[in-house]
Amino acid sequence: MTVAGLSVDTLRAWIAGGESAALEFKKSTAEKERACRTLCAFANGQGGRLLFGVTPAGKVIGQAVTDRTLEELANDFRGFEPPLFPALERVAVDAGREVLVLTTTRSARVPVAFRGVAYERVLNTTRTMPRETFQRLLLEEMHGVERWENRRANGWDASRLDTREMVLTLEESIRRGRVDDPGTREPLEILRGLGLLVEGERVSRAAVVLFCKGEEPQPDFPQLLLKVARFKGSTRDEFLDNRQFHGNAFALMRRAERFLLDSLPVASRIVPGRMEREDTPLLPVEALREALANAFVHRDYAIGGGSVGVALYDDRLEIISIGDLHFGLTPEALFREHESRPWNPMIARTFYRRGIIETWGRGTLKIARLMKEAGREPPTVLLRPGAVVMSFRVPGATAQEDSPETPGKTPLKMPLKTPLKTPLKTPLKTPDAILGLLKVEPGLSFPELASRLNRSESAIKRAVRKLRDSGRLQRVGPAKGGTWKVLE
Numbered sequence: 016m017t018v019a020g021l022s023v024d025t026l027r028a029w030i031a032g033g034e035s036a037a038l039e040f041k042k043s044t045a046e047k048e049r050a051c052r053t054l055c056a057f058a059n060g061q062g063g064r065l066l067f068g069v070t071p072a073g074k075v076i077g078q079a080v081t082d083r084t085l086e087e088l089a090n091d092f093r094g095f096e097p098p099l100f101p102a103l104e105r106v107a108v109d110a111g112r113e114v115l116v117l118t119t120t121r122s123a124r125v126p127v128a129f130r131g132v133a134y135e136r137v138l139n140t141t142r143t144m145p146r147e148t149f150q151r152l153l154l155e156e157m158h159g160v161e162r163w164e165n166r167r168a169n170g171w172d173a174s175r176l177d178t179r180e181m182v183l184t185l186e187e188s189i190r191r192g193r194v195d196d197p198g199t200r201e202p203l204e205i206l207r208g209l210g211l212l213v214e215g216e217r218v219s220r221a222a223v224v225l226f227c228k229g230e231e232p233q234p235d236f237p238q239l240l241l242k243v244a245r246f247k248g249s250t251r252d253e254f255l256d257n258r259q260f261h262g263n264a265f266a267l268m269r270r271a272e273r274f275l276l277d278s279l280p281v282a283s284r285i286v287p288g289r290m291e292r293e294d295t296p297l298l299p300v301e302a303l304r305e306a307l308a309n310a311f312v313h314r315d316y317a318i319g320g321g322s323v324g325v326a327l328y329d330d331r332l333e334i335i336s337i338g339d340l341h342f343g344l345t346p347e348a349l350f351r352e353h354e355s356r357p358w359n360p361m362i363a364r365t366f367y368r369r370g371i372i373e374t375w376g377r378g379t380l381k382i383a384r385l386m387k388e389a390g391r392e393p394p395t396v397l398l399r400p401g402a403v404v405m406s407f408r409v410p411g412a413t414a415q416e417d418s419p420e421t422p423g424k425t426p427l428k429m430p431l432k433t434p435l436k437t438p439l440k441t442p443l444k445t446p447d448a449i450l451g452l453l454k455v456e457p458g459l460s461f462p463e464l465a466s467r468l469n470r471s472e473s474a475i476k477r478a479v480r481k482l483r484d485s486g487r488l489q490r491v492g493p494a495k496g497g498t499w500k501v502l503e
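Written out as structure tokens, the structure is:
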């Protein structure tokens, strides 16, 4: 028999699976108080169904349903704040007896409370929501209007920001067609064009994150911090390298890239016709850069003692971002198609305009694809207390291959049986580092390359000249506005 489009067979199929995170049974509406707590928990989670007229053991007994029954339910529903309106279906299961099916999806306005208390669902149990979870959901609810990044940076004005970094960002955004040329390079106008002013002419906290100078954020913003470390073995018992840097997000990201280029083990090969060795990091540089960008864009800057961390062990690389996943996102969902809701949309938008991230919601998918193309395992995302960690398995250090290799082939993949015990003694050579960056960003200028690699501009120009003379690099288009093509 079917009532309101729901069949008894469908009902029994649901019941056969037992109670779960999204399904609960109640014998009758006499338990409506507890039922409303569960509906509240469903609305704060991923939604769910509640069945009146089914015992906890899954036996269908039904109940008599009258107008008064429905009125009493409606009265109890008034206890939800913000309002919640579960869908109700009636399924006749016996003469004069029905099962009531109440269904709710995740509320668009969480956290939902019932009679002043918020609830959550853990497996097949409903419980009072912990305070920290309630506060996190409340922040997510307010996120569109009130965020850490869109508040005024008290005591800061455009004169305290890095004009060179702002101009680089603007010119790269113009080159990519992601912002109109304002016709001026005045700092305040650049900030206005990038949407980084608040309360009229006030510098936002997002602007400080993106463009502060060197140690300038101290002591106002101690969280503008990068920690890099190389550990001996697979634990944190012994440091081989341990450094900290303060600065804007772009500068810190360059520091992190430099640390990885200097510290990651490499595969080496001799290419026919060249009298030099070519070194390639064992993990694809573009994937690591995407992971670093995600860490700087999505971290929680409201945590005063927070940072971005890069930790290299013998067997793995961890990129650590202080904060949490939000809006119901899980580590598993990151590697599927998913809607992106950046926790710091002003910062994310500026990274996008500069070309560091291409599209929102595809960063982790891009990382997984790049790792697969390089013959490496995809990273894993772990949630630790107060932090999100992306972990890459580092293959054993590869033996150097001195025999010629066919151009275009993947470098040596045979790992040594013992893991790397010491950090790389010789950093990646400047020409190879330049090629690695230009493969990812062919539009980089000499000043940008110098800044990324912590080299002088003259050293970059000399290295580029050698690369062009040896046929490994080609300029496409005019000197201003053109791009580089890496020749393999």
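The sequence shown: position 261 = 276 (the working numbering), numbered continuously. Note that CB positions come from ideal geometry on N, CA and C, so glycine has one too.
For residue j and residue i, the rounded distance between their alpha carbons
i, j, result
"residue 208", "residue 402", "33 Å"
"residue 215", "residue 166", "12 Å"
"residue 138", "residue 56", "11 Å"
"residue 258", "residue 241", "8 Å"
"residue 200", "residue 500", "29 Å"
"residue 384", "residue 124", "35 Å"
"residue 152", "residue 183", "37 Å"
"residue 347", "residue 396", "8 Å"
"residue 365", "residue 379", "19 Å"
"residue 436", "residue 339", "Since pLDDT at residue 436 reaches only 39, below the 50 mark, its modelled position is unreliable, and no value is offered."
"residue 488", "residue 452", "12 Å"
"residue 467", "residue 263", "13 Å"
"residue 84", "residue 65", "16 Å"
"residue 444", "residue 145", "52 Å"
"residue 236", "residue 359", "16 Å"
"residue 405", "residue 272", "15 Å"
"residue 63", "residue 135", "12 Å"
"residue 106", "residue 39", "16 Å"
"residue 304", "residue 169", "32 Å"
"residue 433", "residue 101", "Its pLDDT being 37, under 50, residue 433 is placed unreliably by the model, and the measurement read from it follows with that caveat. For residue 433 and residue 101, the distance between alpha carbons rounds to 59 Å."
"residue 308", "residue 355", "15 Å"
"residue 210", "residue 219", "9 Å"
"residue 362", "residue 390", "32 Å"
"residue 14", "residue 104", "Since the first residue shown for the chain is 16 and the last is 503, residue 14 is missing from the structure and cannot be characterised."
"residue 415", "residue 282", "Here residue 415 scores only 40 on pLDDT, less than 50, and its place in the model is too uncertain to base an answer on."
"residue 141", "residue 126", "15 Å"
"residue 369", "residue 269", "14 Å"
Residue i: first and last residue of the uninterrupted alpha helix (DSSP H) it sits in
i, result
"residue 29", "23-31"
"residue 380", "378-388"
"residue 150", "146-157"
"residue 119", "Segment 112-119 is the beta strand (DSSP E) holding residue 119; no alpha helix (DSSP H) there."
"residue 221", "220-226"
"residue 449", "445-455"
"residue 367", "360-369"
Assigned exposure category for residue i - 16 Cβ within 10 Å defines buried
i, result
"residue 25", "exposed"
"residue 422", "At residue 422 the pLDDT is 38, less than 50, meaning the model places this residue with poor confidence; the figure from the coordinates comes in the next sentence. Under this definition residue 422 is an exposed residue."
"residue 494", "exposed"
"residue 41", "buried"
"residue 157", "exposed"
"residue 17", "Confidence at residue 17 is low in this model, with a pLDDT of 35, below 50, so its placement is unreliable and the value that follows should be read with caution. By the neighbour-count rule (16 or more Cβ atoms within 10 Å), residue 17 is not buried but exposed."
"residue 392", "exposed"
"residue 446", "buried"
"residue 162", "buried"
"residue 90", "exposed"
"residue 398", "exposed"
"residue 76", "exposed"
"residue 265", "buried"
"residue 44", "buried"
"residue 223", "buried"
Closest by C-alpha distance to residue i, when choosing among the options
i, options, result
"residue 109", "79, 157, 99, 84", "79"
"residue 225", "239, 44, 350, 370", "239"
"residue 234", "248, 261, 156", "261"
"residue 357", "382, 88, 312, 170", "312"
"residue 203", "175, 247, 97", "175"
"residue 470", "489, 448, 206", "448"
"residue 295", "350, 280, 68, 150", "280"
"residue 52", "31, 460, 246, 88", "88"
"residue 490", "474, 450, 472", "450"
"residue 187", "94, 47, 367, 454", "367"
"residue 95", "228, 49, 45", "49"
"residue 560", "407, 126, 299", "Any answer about residue 560 is impossible in this case: the structure gives the chain only from 16 up to 503."
"residue 6", "99, 149, 68", "This structure leaves residue 6 out entirely; the chain is present only between 16 and 503."
"residue 387", "298, 315, 193, 317", "298"
Start-to-end residues for the beta strand (DSSP E) that takes in residue i
i, result
"residue 508", "No answer is possible for residue 508: it lies beyond the span of the chain, which begins at 16 and ends at 503."
Residue-level contact to chain B via CB, residue i, 7 Å cutoff
i, result
"residue 99", "Absent from the structure: chain B. Only one protein chain is present."
Item to check | Segment contact, 8 Å Cβ cut-off, at least three pairs: the segment 118-137 with the segment 41-60 | outcome: yes
Legend entry - At least three beta-carbon pairs within less than 8 Å, the segment 470-489 to the segment 321-336: no
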